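Using this note's numbering, you'd call the opening residue of the sequence shown number 1041 and step up by one each time.
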Amino acid sequence: MTFNDIKALVHGDTNIPPASQHFYYNTRVITDNSQTLEQLNIHEGDMLGMAVQDSSGIARRRTQQDASSQQAARPPHPQRDEGRDVERLRLHIVGDPRMLEEVRREDPELANAANNKDQFHALWDRKQRQLAQIQAEKEAELALLNADPFNLEAQAKIEEMIRQERVAENVQKALEDNPESFGRVIMLYIDVVVNNVPIKAFVDSGAQTTIMSPSAAQNCGIMRLIDRRYGGIARGVGTAEILGRVHSAEIQIGSYSLQSSFTVMEGKDVDLLLGLDMLKRHQMCIDLKENALRVQDEKIPFLPENEIPKQLEEHMLEDEPKIEGPGGTKVGARTGTVEQHGQCVVKSGGNGGGGLEERECRVNSQDHKSGLHKGRSYPGIAASGR
């Protein structure tokens, strides 16, 4: 295959004229296009470089510079058009309560300024300048890294930048197409009675044995039955002390009175964890379609969110590592819970019945550098205004 053939293939794929294609190998420009790869001692796996250079490029650049100068001398009509687009967006936000609520969730600062024309326009311009500055810095950094394509460290940085962009796009896509995946999954609890004492049991098919906390064992009156020969240390993500084992105690699940053994262990945030030993022994089935635990022919409904203990979930959220999400949000690394950047104060219901909790959040709107979400469609604004 000659270089004339290679140029024809490149022209068919890229529409670059053969006359504008200049190949080089080992820093040497190839001038004789009739030579073959074998004649030039080019083997499989070798790298060829191609530069695109057109003789009319200088004239074309001068024409573009002249056009830019003439455009700069004209009145700034695009700026006025952009201003009208921003004003249409502001009026649309003010006139549409649903749009206003959506913008308030995405950017509270922008929503609060919607009723003031001058403040809204100034805030919008500031956010656009911030976006342009971030984009310019990113492009400058990318150009600097691309200056030396054979620098392994620079290529590694480019790869990491591309990876981070893909991760951000993936998170944004999930937020728009599958937002429920960022919500908390409600744990499975049922009401049981242990030694005539009501208790809420956490159903966990991933636990090998049924576990009870020392406080629950004390309340149920079975601390005196602990066989401390079965004590020890449980090791997993952390460590916890096993006080011992209660070999047999009565537990009532639904209408069934059963005998169960309990491993009493410290460091648990639940009073009773119903493990796989009890589930298999009595052929219990977790029926998520019916939202119930089936024991033989009886269905025991799982507790609703307002009736389950809050200590476990609050402890999980407090200790859960967070990663940066879009728009200044924080995403839980384990539960996927999305939190706005700010402080949240949890207030329990004051009716004494374990009602729904009230969350009061103060969002730091200054951290919302990206303004409205990228990729989301907002009516009333042209593409040039974004």
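Every residue, glycine too, gets a C-beta built ideally from N, C-alpha and C.
In this text the structure is predicted, and so the values were computed from the model without any measurement.
What distance in whole Å lies between the Cβ atoms of residue j and residue i, which are believed to be in contact at a cut-off of 8 angstroms?
i	j	result
VAL1234	LEU1333	Between LEU1333 and VAL1234 the Cβ distance is about 16 angstroms, and since that is not below 8 angstroms, they are no contact.
LEU1185	ALA1172	Contact flag wrong, Cβ pair sits at about 20 angstroms.
SER1245	LEU1316	6 angstroms
LEU1343	LYS1240	7 angstroms
MET1090	HIS1062	7 angstroms
GLN1159	ALA1153	4 angstroms
TYR1296	VAL1232	Not confirmed; about 10 angstroms, so no contact.
TYR1229	ILE1348	5 angstroms
ALA1289	LEU1314	That pair is no contact at about 13 angstroms.
Please report how far the alpha carbon of residue i lies from the alpha carbon of residue j, in whole angstroms.
i	j	result
GLN1248	LYS1320	10 angstroms
LYS1350	VAL1310	10 angstroms
HIS1051	ASP1045	10 angstroms
MET1252	GLY1261	12 angstroms
ARG1138	LYS1157	20 angstroms
LYS1213	ARG1224	19 angstroms
ASN1218	GLU1141	20 angstroms
HIS1161	MET1227	46 angstroms
GLU1179	ILE1202	12 angstroms
LYS1047	GLN1204	36 angstroms
ASN1055	GLN1079	27 angstroms
GLN1175	ASP1188	21 angstroms
GLU1216	PRO1148	19 angstroms
ARG1144	LYS1167	16 angstroms
ASP1337	GLN1299	19 angstroms
LEU1049	ASP1125	46 angstroms
THR1076	ASP1053	20 angstroms
ILE1082	LYS1197	31 angstroms
ALA1256	THR1250	13 angstroms
ILE1070	LEU1192	27 angstroms
GLY1085	GLU1177	35 angstroms
SER1190	PHE1222	What sits at residue 1190 in the sequence shown is Phe, not Ser. Using only the alpha carbons, I get a separation of about 41 angstroms.
LEU1129	GLU1220	29 angstroms
GLU1146	GLY1135	18 angstroms
ARG1101	GLN1170	Only weak support is given to the placement of ARG1101: the predicted model assigns it a pLDDT of 49, under 50, and the value that follows is read from those uncertain coordinates. Cα to Cα, ARG1101 sits roughly 30 angstroms from GLN1170.
ASN1263	PRO1341	For clarity, residue 1263 is Met in the given sequence; the question names Asn instead. MET1263 and PRO1341: Cα-Cα distance of roughly 29 angstroms.
ASN1346	ASN1259	23 angstroms
PHE1043	ALA1183	30 angstroms
CYS1384	GLU1330	With a pLDDT of 41 at CYS1384, under the threshold of 50, the predicted position of this residue should be treated as unreliable, though the coordinate-derived value follows. If you take the alpha carbons of CYS1384 and GLU1330, they lie about 34 angstroms apart.
ARG1269	MET1318	22 angstroms
LEU1163	ARG1068	54 angstroms
For the candidate residues the options, whose alpha-carbon lies nearest to that of residue i?
i	options	result
GLN1323	GLN1204, ALA1048, GLY1223 and LYS1339	LYS1339
ALA1274	ASN1081, ALA1214 and LYS1308	LYS1308
GLU1200	GLU1181, GLU1216 and LEU1215	GLU1181
ILE1133	ASN1155, ARG1124 and GLY1271	ASN1155
ASN1236	GLN1292, PRO1148 and ASN1331	GLN1292
SER1060	LYS1167, ARG1068 and ASN1073	ASN1073
ASP1165	GLU1345, ARG1068 and GLU1127	GLU1127
PRO1057	VAL1092, ASN1346 and PRO1254	VAL1092
LEU1312	GLU1330, ARG1068, ASN1081 and PRO1254	PRO1254
TYR1065	PHE1222, GLU1177, MET1087 and ARG1169	MET1087
PRO1238	PRO1341, GLY1085 and GLY1294	GLY1294
Between residue i and chain D, is there a C-beta pair that is closer than 8 angstroms?
i	result
SER1253	No chain D appears in the structure shown, which is made up of a single protein chain.
Q | 3-residue-minimum beta strand (DSSP E) runs that sit fully inside the stretch 1190 to 1238, ordered along the chain | A | Counting whole runs of 3 or more residues, the stretch 1190 to 1238 contains the beta strand (DSSP E) stretches 1229 to 1234.
Q: Taking 8 angstroms as the threshold, find out whether the stretch 1279 to 1290 comes into contact with the stretch 1302 to 1309 through three or more Cβ pairs.
A: Result yes; three or more Cβ-Cβ pairs closer than 8 angstroms.
Q.
Quick check for students: name the residue ranges of the alpha helix (DSSP H) that lie wholly in the stretch 1140 to 1189, counting only runs of 4 or more.
A. DSSP runs (the alpha helix (DSSP H)) wholly in the stretch 1140 to 1189: 1148 to 1152 and 1157 to 1186.
(Q) Assess contact between the stretch 1262 to 1281 and the stretch 1207 to 1220, defined as three or more Cβ pairs (one per stretch) separated by less than 8 angstroms. Is contact present? (A) Between the stretch 1262 to 1281 and the stretch 1207 to 1220 there are fewer than three inter-stretch CB-CB distances shorter than 8 angstroms, so the stretches are not counted as touching.
(Q) List, from N- to C-terminal side, the beta strand (DSSP E) runs of 3 residues or more that fit wholly inside the stretch 1271 to 1346. (A) Scanning the stretch 1271 to 1346 from its first residue to its last, the whole beta strand (DSSP E) runs of 3-plus residues come out as 1272 to 1275, 1279 to 1293, 1296 to 1305, 1312 to 1314, 1324 to 1327, 1332 to 1335 and 1338 to 1341.
Q: Tell me the start and end of each unbroken beta strand (DSSP E) in the stretch 1049 to 1100 that is at least 3 residues and wholly inside, in chain order.
A: Counting whole runs of 3 or more residues, the stretch 1049 to 1100 contains the beta strand (DSSP E) stretches 1061 to 1065 and 1089 to 1092.
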